[in-house]
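The numbering of the sequence shown is full-length UniProt numbering, which starts it at 1 and goes up by one.
Below: the structure, in structure tokens.
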Amino acid sequence: MTGSFRLLVADPAARTLETDTGTWVVAGIDVSSIERVLRDAASIAEVKRALPSVTEDAIAVNVEDDSGRTVHAYRSVTGGHRLYWTKVNGEFVLADHFRNALAEVPVEERAVSDETIIDHLLFRAPVGATGFVEGVDGVEQGEWRTWHLDSGETTSERVGTLSTRTETPPSRAPAAIESTYDDLMATDGFDGDAINLYSGGVDSTLTQTFFEDSTMLNAGVDSEEYAYEVEYAREGADHFDAPFEQEMIPEADVLEHLEDSIDATGSPSCPLQVLMVNEALRQHSGRRYVMAVGADSIFGNTPMRGPRYADWASPLLNTPVSRGLAQYGPGPVGGFVEWMDELDAQFDRPVDDADSYAHQYATYSNPGYAKRLFDPSLVDDRVAAQTEYVTERVPLDDTYSRFARQAECRHMNLVFGHRVGARWRQLAMAHGNALTNPFETQSMIETSLSIPAERRFVSGPRHLYDVSTKHHLKQLLRDRLPEYPIGQPKGAGVLPFQRYLRSGPLSSAFETYEPPSFVPDGERESVIEGSGRQSWNVLTYAIWRDRVLENADLPRLSTTRERTWTVPGRGASRSPGESAT
Numbered sequence: 001m002t003g004s005f006r007l008l009v010a011d012p013a014a015r016t017l018e019t020d021t022g023t024w025v026v027a028g029i030d031v032s033s034i035e036r037v038l039r040d041a042a043s044i045a046e047v048k049r050a051l052p053s054v055t056e057d058a059i060a061v062n063v064e065d066d067s068g069r070t071v072h073a074y075r076s077v078t079g080g081h082r083l084y085w086t087k088v089n090g091e092f093v094l095a096d097h098f099r100n101a102l103a104e105v106p107v108e109e110r111a112v113s114d115e116t117i118i119d120h121l122l123f124r125a126p127v128g129a130t131g132f133v134e135g136v137d138g139v140e141q142g143e144w145r146t147w148h149l150d151s152g153e154t155t156s157e158r159v160g161t162l163s164t165r166t167e168t169p170p171s172r173a174p175a176a177i178e179s180t181y182d183d184l185m186a187t188d189g190f191d192g193d194a195i196n197l198y199s200g201g202v203d204s205t206l207t208q209t210f211f212e213d214s215t216m217l218n219a220g221v222d223s224e225e226y227a228y229e230v231e232y233a234r235e236g237a238d239h240f241d242a243p244f245e246q247e248m249i250p251e252a253d254v255l256e257h258l259e260d261s262i263d264a265t266g267s268p269s270c271p272l273q274v275l276m277v278n279e280a281l282r283q284h285s286g287r288r289y290v291m292a293v294g295a296d297s298i299f300g301n302t303p304m305r306g307p308r309y310a311d312w313a314s315p316l317l318n319t320p321v322s323r324g325l326a327q328y329g330p331g332p333v334g335g336f337v338e339w340m341d342e343l344d345a346q347f348d349r350p351v352d353d354a355d356s357y358a359h360q361y362a363t364y365s366n367p368g369y370a371k372r373l374f375d376p377s378l379v380d381d382r383v384a385a386q387t388e389y390v391t392e393r394v395p396l397d398d399t400y401s402r403f404a405r406q407a408e409c410r411h412m413n414l415v416f417g418h419r420v421g422a423r424w425r426q427l428a429m430a431h432g433n434a435l436t437n438p439f440e441t442q443s444m445i446e447t448s449l450s451i452p453a454e455r456r457f458v459s460g461p462r463h464l465y466d467v468s469t470k471h472h473l474k475q476l477l478r479d480r481l482p483e484y485p486i487g488q489p490k491g492a493g494v495l496p497f498q499r500y501l502r503s504g505p506l507s508s509a510f511e512t513y514e515p516p517s518f519v520p521d522g523e524r525e526s527v528i529e530g531s532g533r534q535s536w537n538v539l540t541y542a543i544w545r546d547r548v549l550e551n552a553d554l555p556r557l558s559t560t561r562e563r564t565w566t567v568p569g570r571g572a573s574r575s576p577g578e579s580a581t
């Protein structure tokens, strides 16, 4: 039995409603449609049936009456809104920000499992919805969870999945995407006052064509390797008659900005762009931002070109001839043929196999590195768990060709595994801002799923040298903004972190932050210096451990609003109170 229920809300855009079915706190895109469902419903069961059809990216929390005995929580199947929960000292706490939930857990109870560490190394986030510590859990995507606090009973039901009721021919894909954009822009999540976090690339530029004169904000770092990204943003902004702002981080301050980002989220889950995004979001509070992130995860990105070639060449691969060329051919030729043979073999593996193509780019680091630190079978189990989480929420078609099956599973692993938009939203909330993302909405993801996977991520072979990734978005941008150079080399906002670690602003970071205990002494040099992206994940974990995980005085965010219900026995109840911290 729980003595009280506390709801901690950091999202400045969250709304509270009093209805016939109780008190609701909701946040998301198109909240007006959500509110209509909640006000019209005569029962919780009716809400449960109707809500998934109107939530693009949302959460909803319900307390049935003032006693706080029964609490319902819902999270849409797509999007970056999160809900975490924990039970501490007879209190049940539900929070929309991870740091607030973690701050409730006594420091001596913040245990991190091997499974969670493996997930962090592979995906930069725990599989599913759990927090990074065992005392914090989360509401999964598409889940309806109910807590009966007087009895301690908890129930869970999956009420949201993705569907593809229609099929969009590849030739119609740009028009379908444009129509989905138009519908999203008509909702209250993308109003005219929103600020576009602008990179100058295809996705943010396409989004700006729907905003017209809305402000564009870009942030960068003054490293030489990043200069072209800064210039991309400036040149892209010149195509619009709209305000353009740019914030720059001195390279010497990179570690300080990384520390600040981890403090803000309370999490070690940091994409390489985190410094710039945090710098942009912390300048002001009370703003609504739009960030067009995740388009690659549903419409394809650069690493798809080689695999497309390998599948077409399959009859010629893994043959005596190809093996001979791989072994004895001139350097570049032999290396290329060997790579083609490897891709061909990966396509033939089951999609839940850690060595299948579906997982070669769905992980941030090679699973082989994690297997040097942990039981290899446990690493394989985490990869399988990720695939299971995905397949429970999206219909992967077993009748597709092997290329289409592997490519679709890979991209859905990115959608439901990396969840980059959720991290940016957590950053925004920490600074008192709201953030929305068109590419993590249900309608946009279902639009992508309606395009046959064979032609969804990479264009067809009009000419073997003319294979384009993310081609549907590029075609739409070409139609809407013909002067934009869609053929320019792709930027990714990626820091030169390996140079930073070797001879730059992070070269002494592992002296300030001791490598984690899961990295044995014999592996420290190879894991830190020779493992590419995994070294970044190890560093962010070490910083998080010292500044957040082991911080006994970890405060909740200053932007937090708290509402408390006292849960009585089976007698009288007391009205809830609300406060801000």
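Don't be surprised by glycine CBs; every beta carbon is placed ideally from N, CA and C.
In this text, all values refer to a predicted model and were calculated from it rather than measured experimentally.
- Annotated three-state conformation of N62 is strand, per DSSP.
- Here Y328 is exposed, its C-beta having fewer than 16 other C-beta atoms within 10 Å.
- The beta carbon of D546 is closer than 7 Å to those of Y513 in its chain, skipping five residues each way along the sequence.
- If you check the CB distance, A430 and A264 come in under 8 Å.
- Distances from the CA of G131 to each of A233, E115 and W144 were compared; the closest alpha carbon is that of E115.
- A Cβ-Cβ contact shorter than 8 Å links A27 with A58.
- About 5 Å separates the CB atoms of E251 and S223; that is less than 8 Å, so the two are in contact.
- Taking the C-beta atoms as reference points, S199 is found nearer than 8 Å to A233.
- For E446, the closest alpha carbon among the candidates L197, T180, R425 and R349 is that of T180.
- For T180, the enclosing alpha helix (DSSP H) has its first and last residue at A173 to M185.
- Membership of R288 in the beta strand (DSSP E) is indicated by the continuous run R288 to V290.
- Per the Cβ contact rule, the stretch 255-262 is in contact with the stretch 537-556 (3 or more Cβ pairs under 8 Å).
- Less than 8 Å divides the Cβ of L373 from the Cβ of E523.
- Here T154 is exposed. Its C-beta has fewer than 16 other C-beta atoms within 10 Å.
- D213 and Q498 have their C-alpha atoms some 38 Å from each other.
- Around the Cβ of R75, a 10 Å sphere holds 16 or more other Cβ atoms; the residue is buried.
- Under the three-pair Cβ rule at 8 Å, the stretch 551-562 counts as touching the stretch 93-100.
- When only Cα atoms are considered, S314 and E388 end up about 28 Å apart.
- In terms of Cβ geometry, A194 and V290 form a close pair [threshold 8 Å].
- No Cβ-Cβ contact shorter than 8 Å links E56 with G90.
- For G220 and V254, the gap between their C-alpha atoms comes out near 11 Å.
- Rounded to whole angstroms, the Cβ separation of W24 and A60 is 6 Å, and the two are in contact under 8 Å.
- Rounded to the nearest whole angstrom, the CA to CA distance from R305 to G417 is 22 Å.
- For H81, there is no enclosing beta strand (DSSP E), as DSSP marks it with neither H nor E.
- Rounded to the nearest whole angstrom, the CA to CA distance from L506 to F518 is 21 Å.
- According to DSSP, M216 shares a beta bridge with N196 and F244.
- Residue environment analysis places P515 among the buried positions, since at least 16 neighbouring C-beta atoms fall within 10 angstroms of its C-beta.
- Close CB contacts of H72 within its chain, under the 6 Å cut and outside five residues either way in sequence, are with N62 and T146 (chain order).
- For T209, the secondary structure class from DSSP, reduced to helix, strand or coil, is helix.
- Annotation: A10 to R563 spans about 12 Å, alpha carbon to alpha carbon.
- Assignment of D352 by DSSP, reduced to helix, strand and coil, places it in the coil class.
- For G128 against P52, the beta-carbon gap comes to about 19 Å, at or over 8 Å, which does not count as contact.
- Counting only the Cα atoms, W536 lies some 10 Å from P268.
- Counting C-beta pairs with one atom in each stretch, the stretch 271-288 and the stretch 419-429 have three or more that are closer than 8 Å, which means they touch.
- Within a 10 Å sphere around the beta-carbon of V394 sit 16 or more other beta-carbons, which makes this residue buried.
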